[in-house]
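Novice: Here's a structure for you.
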Amino acid sequence: LKSGLAELFGTELVKNKKYEFGYGTKGAVFTYHGCTVELTWKTDVPYTSKETPMNIYLNVHAALERLRNDAKQNDKRGPVTMIVGPGDVGKSTLCKILLNYAVRMGRRPIYVDIDVGQGHVGVPGILGAIPVERPADPVLGFSDEAPLAFHFGHKDPGANIQLYNLLVSQLAEACAERLEASKKAKSSGMIINTCGWVTGGGFKILTHAAKAFE
1 LKSGLAELFG TELVKNKKYE FGYGTKGAVF TYHGCTVELT WKTDVPYTSK ETPMNIYLNV
61 HAALERLRND AKQNDKRGPV TMIVGPGDVG KSTLCKILLN YAVRMGRRPI YVDIDVGQGH
121 VGVPGILGAI PVERPADPVL GFSDEAPLAF HFGHKDPGAN IQLYNLLVSQ LAEACAERLE
181 ASKKAKSSGM IINTCGWVTG GGFKILTHAA KAFE
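Numbering-wise (UniProt numbering), the sequence shown opens with residue 1 and increments by one.
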């Protein structure tokens with residue numbers, strides 16, 4: 001970042017700091033007021049666009065903040081938000097943005113990942129959750145120093161739906177206990193990333209997850 005203010009999936013970029021991304025990395029630098037970014041290596045498809053869903057995401061964040069403020073004032077659990085949709089629509093990206101915006105406001109939400117095909121918490125085949133206490137590193141992502149992890153062993157929930165639902169229920173119970181252990185975490189709530197299987201049996205496991213995490 002050479003000038004202006006910019007962020008990568010909700011994490012603010014530091015001016016004149018060099019970020020080294022691995023081969024094949026895909027990213028979108030966003031700015032509300034304009035910026036200049038210098039690229040020092042070959043990129044496949046660098047482009048700029050004025051069309052962005054970021055204003056919608058910001059409105060979602062603002063709505064969650066109102067719920068968190070109410071939860072904090074009344075000692076209630078904060079919002080538990082499930083991001084749902086088919087594959088490759090940006091669910092993980094939206095989770096990252098909402099989490100980064102939350103911690104920049106001083107919140108301590110829990111990031112829950114029940115998408116066993118991707119492995120954002122741990123490796124693929126894992127259902128997991130981590131407390132988010134600082135914005136994600138633009139290169140390395142969120143710190144996973146204290147994860148809750150349940151081994152499913154497949155990248156497809158359909159491989160064993162009964163086991164998948166059981167692990168989702170156990171993870172939900174563990175996350176609820178972690179929220180109760182900290183007032184700041186309790187009012188901050190959870191952001192839940194889900195798999196892209198949304199029809200048939202996939203819809204049923206999403207419904208089960210929604211009930212388990214309340």
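Glycine included, each C-beta is placed from N, C-alpha and C at the ideal position.
Is it buried or exposed, Phe-41, if we count other Cβ atoms within 10 angstroms and call 16 or more buried?
Specialist: Sequence index remark: in the sequence shown, residue 41 carries index 41 (1-based). Looking at the sequence itself, residue 41 is Trp, so the reference to Phe does not match. The residue in question, Trp-41, is exposed, as its Cβ has fewer than 16 Cβ neighbours within 10 Å.
Novice: Is it buried or exposed, Lys-26, if we count other Cβ atoms within 10 angstroms and call 16 or more buried?
Specialist: Taking the first residue of the sequence shown as position 1, residue 26 is located at position 26. Looking at its Cβ environment, which holds fewer than 16 other Cβ atoms inside 10 Å, Lys-26 is exposed.
Novice: If we count the other Cβ atoms within 10 Å of its Cβ and call it buried at 16 or more, is Gly-87 buried or exposed?
Specialist: Here residue 87 corresponds to residue number 87 of the sequence shown, with the count starting at 1. Per the 10 Å Cβ criterion, exposed.
Novice: Is the beta carbon of Ile-205 less than 7 Å from the beta carbon of Thr-81?
Specialist: Translated into positions along the sequence shown, residue 205 becomes position 205. Translated into positions along the sequence shown, residue 81 becomes position 81. No; because the gap between Cβ atoms is not below 7 Å, this pair is not in contact.
Novice: How big is the Cα-Cα spacing for Val-198 and Asn-16?
Specialist: Indexing the sequence shown from 1 puts residue 198 at position 198. Indexing the sequence shown from 1 puts residue 16 at position 16. If you take the alpha carbons of Val-198 and Asn-16, they lie about 42 Å apart.
Novice: Using the Cα positions of Tyr-155 and Phe-21, report the straight-line distance between them to the nearest angstrom.
Specialist: Start at 1 with the first residue of the sequence shown, and residue 155 comes out as number 155. Start at 1 with the first residue of the sequence shown, and residue 21 comes out as number 21. Here the sequence assigns Lys to residue 155, which means Tyr is not the residue at that position. Distance between the alpha carbons of Lys-155 and Phe-21: 26 Å.
Novice: Identify the continuous alpha helix (DSSP H) that holds Tyr-57 and give its terminal residues.
Specialist: What you label residue 57 is simply residue 57 of the sequence shown in a count that begins at 1. Looking at the DSSP string, the run of the alpha helix (DSSP H) that includes Tyr-57 is 54-73.
Novice: Within the same chain, show all residues whose beta-carbon is closer than 7 Å to that of Glu-7, passing over the 5 residues directly before and after it, in chain order.
Specialist: Numbered from its first residue, the sequence shown carries residue 7 at position 7. So the list reads Leu-13 and Phe-30, once near-sequence residues are dropped.
Novice: Give the range of the beta strand (DSSP E) segment to which Ala-149 is assigned.
Specialist: Taking the sequence shown and counting its residues from 1, the one referred to as residue 149 is at position 149. Looking at the DSSP string, the run of the beta strand (DSSP E) that includes Ala-149 is 148-151.
Novice: Please state if the CB of Phe-150 and the CB of Leu-166 are separated by a distance shorter than 7 Å.
Specialist: By 1-based counting over the sequence shown, the position of residue 166 is 166. By 1-based counting over the sequence shown, the position of residue 150 is 150. The answer is no: Cβ separation not under 7 Å.
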